[in-house]
Amino acid sequence: MNLTETDLELVEALREDGRASFESLAGRVGLSRKAVRSRVLRLFDDGVLRVVATVRPEFDGIHATAHLSVGVTGARRDDVARMLADQGETVFVSIVSGRAGVVAEIRTTDLRRLGNVVDRLRGAEGVTRVETLVYTDVVKEPHLPPPRAAAGTDPAVDHLDRTLVDLLRADGRTSYADLAAHVGLSAAATRARVRNLLDLGVVRIVTLVNPTRLGRSFMTGFALDLAGKARDVLHRIEEIGAVDFLALTLGTADAVGTVVTTTVEDTIAVLDRIGTMDGVVGLRSWTHLRLVQERYGTVGG
C-alpha cells in the first residue's frame with residue numbers, strides 16, 4: 236500500500252506508545268479523531284502493523300528457541316511457508332532470497348520438542364534441507380520485556396493477571412473497560428493490574444511493524460562466524476542502531492541477527508561495517524521478501 240507522510244507519522248507514534256489514544260494521535264498529526272481512527276484501522280487491516288502484548292518466553296515455559304533456514308524447491312516455497320506458519324511452535328516465518336527460501340523462528344518447551352519440530356519439517360514435501368541455529372543468549376530483541384535482574388525475582392501472577400495478558404496478546408489496544416468486562420473487575424482495578432504487570436516487566440505492549448509493507452524499509456537477516464570472545468563482538472554490533480535483533484547461537488553459525496534500513500545503500504553499509512569488525516570472520520545474509528507470520532505475543536509449544 237502507498238503510505239502518506241501522515242500514515243508514517245502515525246506508525247512512528249504507535250511504535251512509541253502502542254496504546255496511545257486516538258485523541259492523542261490526532262493532536263500529534265493535526266487531524267480529527269475520526270480521521271485518525273480511520274487511518275489507524277486501515278493500517279491494521281492492511282497488515283502494516285499490529286499492537287500486541289509480549290512476555291518473556293520463560294513466562295510460558297518456553298526454554299528452547301531456534302532460527303531455522305529451510306531449503307525448498309521453488310514451486311513449494313509458499314506451501315512450506317504456510318505449513319510452518321500453521322505450527323503452534325512457530326512465531327515468525329518469512330520468505331527470503333538467498334540459499335534458503337524460507338526462514339522461521341521456533342519456540343518450544345525444551346530441546347527434545349524442538350528436535351521433533353525439525354524432524355517433522357525435514358519430512359515435509361518440498362523441503363530439501365533444514366539448518367538449525369539454537370539461541371543461547373538473546374542480546375538484542377525489541378519485542379520482549381527486559382530480563383529480570385536476578386534469579387528468583389519473577390513476580391507472582393494470578394489467574395486474572397494471566398487472563399489480562401492473554402487478552403492483550405490478541406489486541407494490545409483493548410480498552411480497560413473491555414478488559415474489565417472479561418475479568419469481572421472495575422475499569423480502575425483492571426488498569427491498576429495492567430500497569431503493575433507493565434511496571435514489573437511481566438508484559439510489554441509493542442507495535443509490530445511489517446517492514447515489507449511500508450515500502451520504505453528493507454529487512455535483512457545475517458549469520459556470523461566469530462573468533463575470540465563472541466559476546467564482546469556482539470556487544471559492539473548491538474550498538475548499531477539498524478541492528479534490530481541479535482542472538483548468540485549454536486549450530487552452523489555463531490550468531491544470527493536482523494538489520495532494518497530505509498535504503499539498499501544503508502543495508503550494504505551496515506553489513507560491511509559488521510563484516511569488517513574485529514572478531515567477525517564470516518558473514519552471510521538474506522533479504523526478507525515477504526513476512527508470512529509474526530506472532531511474538533503468542534505461546535509456543
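The sequence shown begins at 236 in this note's numbering and counts up one residue at a time.
Don't be surprised by glycine CBs; every beta carbon is placed ideally from N, CA and C.
Would you give the residue range spanned by the alpha helix (DSSP H) that S304 belongs to?
Looking up residue 304 in the sequence shown gives position 69. S304 -> not in any alpha helix (DSSP H); beta strand (DSSP E) instead, spanning A299 to V307.
By Cβ distance, which residues of its chain are closer than 7 Å to A488, with the 5 residues on each side in sequence left out?
Along the sequence shown, one-based indexing puts residue 488 at 253. Counting only Cβ-Cβ distances below 7 Å, and skipping sequence neighbours, we find L368, A458, L459 and D460.
From the DSSP secondary-structure annotation, give me the bridge partner or partners of S520.
Within the sequence shown, residue 520 is the residue found at index 285, counting from 1. In DSSP, S520 forms a bridge with F457.
Spatially closest choice to A301 from V499, T502 and L483, by CA coordinates:
In the sequence shown, counting from the first residue as 1, residue 301 sits at position 66. For the set V499, T502 and L483, the Cα lying nearest the Cα of A301 is the one of L483.
Check L420 in the structure and name its three-state DSSP category.
Counting from one through the sequence shown, the residue named residue 420 turns up at place 185. It is coil, neither helix nor strand.
Label T498 either buried or exposed according to how many other C-beta atoms from any shown protein chain fall within 10 Å of its C-beta, with 16 as the threshold for buried.
The residue labelled residue 498 in the question sits at position 263 within the sequence shown. Exposed is the call here.
State yes or no: is the C-beta of V286 within less than 8 Å of the C-beta of G253?
Residue numbering aside, residue 286 sits at position 51 when the sequence shown is read from its first letter. Residue numbering aside, residue 253 sits at position 18 when the sequence shown is read from its first letter. Taking 8 Å as the Cβ cut-off, V286 and G253 qualify as a contacting pair.
To the nearest whole angstrom, what separates the beta carbons of G514 and A477, a pair I think is in contact under 8 Å?
Residue mapping note: residue 514 aligns to position 279 of the sequence shown, counting from 1. Residue mapping note: residue 477 aligns to position 242 of the sequence shown, counting from 1. So it is not a contact: roughly 19 Å between Cβ atoms.
Out of curiosity, what's the CA-to-CA distance linking D507 and E247?
Within the sequence shown, numbered from 1, the residue matching residue 507 stands at position 272. Within the sequence shown, numbered from 1, the residue matching residue 247 stands at position 12. Computed Cα separation, rounded: 28 Å.
In three-state terms, what does DSSP make of T398?
Taking the first residue of the sequence shown as position 1, residue 398 is located at position 163. Reduced to three states, the DSSP call for T398 is helix.
On the three-state DSSP scale, how would you describe E529?
Start at 1 with the first residue of the sequence shown, and residue 529 comes out as number 294. DSSP places E529 in strand when its eight states are reduced to three.
What are the uninterrupted segments assigned as beta strand (DSSP E) that are 3 or more residues long and contained completely in the segment 259-335, given in chain order?
284-290, 299-307 and 325-331
Could you tell me if H394 is buried or exposed, where buried requires 16 or more neighbouring beta carbons within 10 angstroms of its beta carbon?
The sequence position of residue 394 within the sequence shown is 159, counting from 1. The residue in question, H394, is exposed, as its Cβ has fewer than 16 Cβ neighbours within 10 Å.
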